[in-house]
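**Student:**
Here it is in structure tokens:
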């Protein structure tokens, strides 16, 4: 691949451009907002202009509802040999692309599973996709050379390709991305009903649950409305579970005769959550349940974390993951080092002997 066109210079599009530029690909940046394209160009993502000749591939980093009309226009102008997109919904664009009579042999649907709460080119980075899944959704009309070009794009961005059909993709992202985002937003919205005294009690758990709620409402309205039925089905199942939990709590609160059964219902729902969380693959596919957290109190001063990591390395422990919990009222925090269960006790003992305040907990949860 020598030349690529990036259409849409937000977080994803600019990150694709940066990744390609780092690997020697000439990139051209196009955006309906010229300021965004110029900003991306200033970051080193490419040239804010149309390509002077036919590009190897055009990457459409636009909302799902814009994929088909933008693709039709680019193909009419002969912008690139092949085309892909990064929209997080695949069924709707695929249907609209076919309806507009686009040349389907040159098109490969795509969706990199990477992003962040911040949007826009200033949030972009070239390593955003490293090690992340990147779904490719070729149609029955997609040519082998078009698919191979899309696979090369994925490899240049450092991602791992996953081939799926459009329906399977949309149901998967409804479960693991779209519905969770909406639930996080609904949970965060309830916080507006709490006073300052309540919110000062908030800990890392609440921040974890609501972190993704900071995403752009306009962007997420586009995404959710493009995948409505699969998301609605997940939400309806969640609503049923929430009503079951609420009913059980009401019976327990009233002291009903079946309060013991209600406790069993609540326990079962919570256990399903534990089992579901453990099913998410972690580092190298290792389930998080195989890890133990070594929790260490650290001061809020320069060099404290570096000193802690150096102490862990000196103890011969490999830190598989790390989390931080900050105190709202004290200049201290708690670092949670995820290590293999077989090494946790030895690490805790070594850190304790070195003067750190340590305790063992569960990863990713904890008492």
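In this note's numbering, the protein residues as written are 5 to 371.
For each residue, glycine too, the CB sits at the ideal point set by N, CA and C.
Any contact between the stretch 41 to 58 and the stretch 67 to 76? By contact I mean 3 or more CB pairs, one from each, below 8 Å.
**Tutor:** no
**Student:** Locate the alpha helix (DSSP H) running through residue 277, then write down its first and last residues.
**Tutor:** 263 to 283
**Student:** Could you name each continuous beta strand (DSSP E) segment of 3 residues or more that falls completely within the stretch 16 to 104, going from the start of the chain to the end?
**Tutor:** 30 to 34, 59 to 64, 84 to 89
**Student:** Of all the options 261, 275, 227, which has the alpha carbon lying nearest to the alpha carbon of residue 245?
**Tutor:** 275
**Student:** Please state the DSSP three-state secondary structure of residue 191.
**Tutor:** In the three-state reduction of the DSSP assignment, residue 191 falls in the helix class.
**Student:** Closest Cβ-Cβ distance between residue 158 and chain D: below 7 Å?
**Tutor:** Reference to chain D is not applicable here, since this structure consists of a single protein chain.
**Student:** Leaving aside the five residues before and after residue 126 along the sequence, list all residues of the same chain whose C-beta is less than 8 Å from its C-beta, in chain order.
**Tutor:** 43, 47
**Student:** In angstroms, rounded to a whole number, what distance separates the CA positions of residue 371 and residue 338?
**Tutor:** With a pLDDT of 37 at residue 371, under the threshold of 50, the modelled position of that residue is not reliable, and no figure is offered here.
**Student:** Measure the alpha-carbon distance for residue 145 versus residue 32 and round it to whole angstroms.
**Tutor:** 27 Å
**Student:** Of the residues 203, 218, 178, 172, which one's Cα is nearest the Cα of residue 188?
**Tutor:** 218
**Student:** Which class does residue 171 belong to by DSSP, given the choice of helix, strand or coil?
**Tutor:** Helix, per DSSP.
**Student:** Starting from the C-beta of residue 139, find all residues in its chain whose C-beta is less than 6 Å away, skip the five residues before and the five after it, and write them out in chain order.
**Tutor:** Answer for residue 139: 115, 166, 168, 173, listed in chain order.
**Student:** Name the DSSP beta bridge partners of residue 297, please?
**Tutor:** Answer is 342, 365.
**Student:** Name the DSSP beta bridge partners of residue 164, please?
**Tutor:** 137
**Student:** Secondary structure at residue 323, three-state DSSP: helix, strand or coil?
**Tutor:** coil
**Student:** Alpha carbon to alpha carbon, how far is residue 129 from residue 22? Give it in angstroms, no decimals.
**Tutor:** Spanning the alpha carbons of residue 22 and residue 129 requires a straight line of approximately 7 Å.
**Student:** If I measure Cβ to Cβ from residue 362 and keep anything under 6 Å in the same chain, skipping five residues before and after, which residues do I get?
**Tutor:** 300, 352, 355, 356
**Student:** Give the straight-line distance between the Cα atoms of residue 303 and residue 27, rounded to the nearest whole angstrom.
**Tutor:** 40 Å
**Student:** Between 13, 45, 30, which has its C-alpha nearest residue 37's C-alpha?
**Tutor:** 13
**Student:** To test your reading of the DSSP string, which unbroken alpha helix (DSSP H) runs of 4 or more residues are found completely within the stretch 203 to 270?
**Tutor:** 208 to 214, 221 to 230, 232 to 258
**Student:** Could you tell me whether the Cβ atoms of residue 133 and residue 95 are closer together than 7 Å?
**Tutor:** no
**Student:** Tell me which residues share the same chain as residue 106 and place their Cβ nearer than 8 Å to its Cβ, disregarding the 5 neighbours each side in the sequence.
**Tutor:** 72, 75, 76, 79
**Student:** For the alpha helix (DSSP H) containing residue 2, name the first residue and the last one.
**Tutor:** The question about residue 2 has no answer here: the residues shown for the chain are numbered 5 through 371.
**Student:** Which one or two residues does DSSP pair with residue 200 in a beta bridge?
**Tutor:** Answer by DSSP bridge pairing: none, since residue 200 is not bridged.
**Student:** Alpha carbon to alpha carbon, how far is residue 224 from residue 309?
**Tutor:** 35 Å
**Student:** When you compare only the Cα positions, how much space is there between residue 269 and residue 234?
**Tutor:** 26 Å
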